[in-house]
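Numbered by mature numbering (1 follows the signal peptide of the UniProt record, and there is no 0), the letters in the sequence shown go through residues -19 to -1, 1 to 444 in order.
Glycine residues also receive a C-beta, built at the ideal position from the N, C-alpha and C atoms.
None of these values were measured; they are calculated from a predicted model.
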Amino acid sequence: MKKIIFLLAGALSFTAVNAQQVSFRKMQNQIPRSKDGLNVFDVKKDDVEYEGMSVDLGGAFAMQFQGLKSFNDQEQGSYTASNGAVITNYRLNGLENNFNLPAANLTFGAQLADGVRVNLDLYLASRHHNETWVKGGYLQIDKLDFIQKGFMEDIMKYTTIKIGQMENNYGDSHFRRTDNGNALLNPFIEANIMDSFQTDMGMEVYYQREGLVSMIGITNGKLNQGVAEFVSESATPTSPNQNTTVSPTILAKLGYDKQLDKDLRVRITGSYNHNANMSSNPWGSDRAGSRYFGVMSHQDYNYNAIPVPNNFDPEKNATTGRFSPGYGNWYTAFMVNPFVKYKGLEFFGTLEFTSGGDHKGTDETRKVDQYAADLVYRFGKEEKFYVGARYNIVSGKLSNATSEVEVNRFESSLGWFMTKNIIAKLAYTNQNYSDYAQYGTNSLNDLYGGNFNGIMFEAAITF
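Here is the structure:
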């Protein structure tokens, strides 16, 4: 943390000493971090003039009060289960009504040249990593004047290039999700049940013109970077053919976005995401963690005299309340996102269709699909208040499962933008688990007939 403080002080000192050469916050083509960034998808061209090098500094802070309770259909206590297993002292963890660990982000940026800026994002504190660490950074190019004045300006007028370790642009839902401390633009407390978020090393090229939305990207398919030789695991009877390499991830997006008149805006996009030999995956790469701390976790118990440890730990079990399809070798995913805003009423949908396999060439393709619908009504002066509801359902087959499972969630929300940079939210959540097996390997399945519900309050500041 001391390093961050010294770095911050140095950046501010540099800005002050060089006031004539370096300006502050004169950034081009950047999505606002305030309320002005609501429903801004992808990168945007703007008319901010270049006036020399400029420095950007921002932050985000969020805290939640959680009042959730967990339930399931497992028998609590000590008993002999229907499969003959002897269970001792099983029960779900009790959850207090109290505050979660606050989350904080820090953002540095610089306008290096006309149409060229750099961005660096840090997590100062998060559920999964309590210490400070770098989320990622990227270079954004909107002009090629650094090659030659006016170089390819007819094309670059509509084109943006992003290069770096960054949040990969799969679908539109990640623009409305909470990103650790950055919770201002999410009308709810949590993201989708199957939360698509990935930060690989790669490049994305955008072309947007007269309502056309398009992007194509490629990454190296790795969340954690390194040049060490990839060595596959030894073959086993259940996994006879392991990955022998890590393949790049291919991303693409195509859509239409138009403000048809002063009251009506319509947007629809389709996105593609594919990796043939995966290392990271889009549904398990968020290292910040979910907002639902400890739900569906158990205390210490014994299964046939084998200890099963408490799995409440917020860091080690950081994605409670979420679902990952758990593909082990390859995946292909499509996401469709319709968005309609008429005056204060807005609808946002997610239709996600995924397929994949666990072992290279030796198992049948599994499929998991997700559907989500958000309805939000914003009202008051400058739409500073809102009410919203979201219904989200995920269904599909887990690895080695004989039948499909289902998870569904209803979340309602009230929100108040106290200023463009401060928001307060109150939400009610009810999440259900269906068709999960009663037993795991030498354990009970906590999600068998599972449910958690209750209220959450969140306050967030972003600047």
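On the three-state DSSP scale, how would you describe residue i?
i: residue 7; result: coil
i: residue 265; result: coil
i: residue 68; result: strand
i: residue 387; result: strand
i: residue 362; result: helix
i: residue 278; result: coil
i: residue 333; result: strand
i: residue 12; result: coil
i: residue 137; result: helix
i: residue 427; result: coil
i: residue 255; result: strand
i: residue 398; result: strand
i: residue 376; result: strand
i: residue 156; result: helix
i: residue 438; result: strand
i: residue 241; result: coil
i: residue 196; result: strand
i: residue 206; result: coil
i: residue 299; result: coil
i: residue 105; result: strand
i: residue 187; result: strand
i: residue 130; result: coil
i: residue 211; result: coil
i: residue 271; result: coil
i: residue 415; result: strand
In whole angstroms, what separates the C-alpha of residue i from that of residue j?
i: residue 228; j: residue 202; result: 6 Å
i: residue 379; j: residue 257; result: 19 Å
i: residue 477; j: residue 276; result: Here the chain has residues from -19 to 444 only, and residue 477 is not among them.
i: residue 424; j: residue 390; result: 26 Å
i: residue 265; j: residue 178; result: 8 Å
i: residue 55; j: residue 21; result: 45 Å
i: residue 114; j: residue 101; result: 11 Å
i: residue 209; j: residue 216; result: 21 Å
i: residue 421; j: residue 212; result: 29 Å
i: residue 152; j: residue 68; result: 44 Å
i: residue 382; j: residue 146; result: 35 Å
i: residue 73; j: residue 300; result: 17 Å
i: residue 174; j: residue 279; result: 20 Å
i: residue 377; j: residue 316; result: 16 Å
i: residue 460; j: residue 318; result: Nothing in the structure corresponds to residue 460, since the chain is present only between -19 and 444.
i: residue 287; j: residue 65; result: 14 Å
i: residue 302; j: residue 91; result: 37 Å
i: residue 199; j: residue 309; result: 20 Å
i: residue 366; j: residue 60; result: 51 Å
i: residue 236; j: residue 122; result: 22 Å
i: residue 386; j: residue 415; result: 6 Å
i: residue 120; j: residue 184; result: 10 Å
i: residue 231; j: residue 336; result: 15 Å
i: residue 154; j: residue 412; result: 19 Å
i: residue 103; j: residue 62; result: 47 Å
i: residue 44; j: residue 439; result: 6 Å
i: residue 240; j: residue 434; result: 38 Å
Per DSSP, which one or two residues make a beta bridge with residue i?
i: residue 182; result: 146
i: residue 338; result: 311
i: residue 250; result: 236, 318
i: residue 121; result: 98, 143
i: residue 283; result: 69, 288
i: residue 166; result: None; residue 166 has no bridge partner.
i: residue 326; result: 323, 358
i: residue 392; result: 371, 410
i: residue 349; result: 335, 377
i: residue 230; result: 200, 256
i: residue 403; result: 400, 442
i: residue 433; result: 51, 412
i: residue 420; result: 425
Count the other CB atoms within 10 Å of the CB of residue i; is the residue buried (16 or more) or exposed (fewer)?
i: residue 206; result: exposed
i: residue 191; result: exposed
i: residue 284; result: buried
i: residue 6; result: exposed
i: residue 170; result: buried
i: residue 176; result: buried
i: residue 28; result: exposed
i: residue 188; result: exposed
i: residue 156; result: buried
i: residue 271; result: buried
i: residue -11; result: At residue -11 the pLDDT is 48, less than 50, meaning the model places this residue with poor confidence; the figure from the coordinates comes in the next sentence. Exposed, by the Cβ-count rule.
i: residue 290; result: exposed
i: residue 32; result: exposed
i: residue 150; result: buried
i: residue -14; result: Annotation note: pLDDT 45 at residue -14 (below 50); position unreliable, coordinate value reported separately. Exposed, by the Cβ-count rule.
i: residue 384; result: exposed
Quiz prompt | Within the stretch 16 to 95, ranges of the beta strand (DSSP E) (whole runs, at least 3 residues) | solution = Counting whole runs of 3 or more residues, the stretch 16 to 95 contains the beta strand (DSSP E) stretches 35 to 52, 58 to 61, 67 to 71, 84 to 94.
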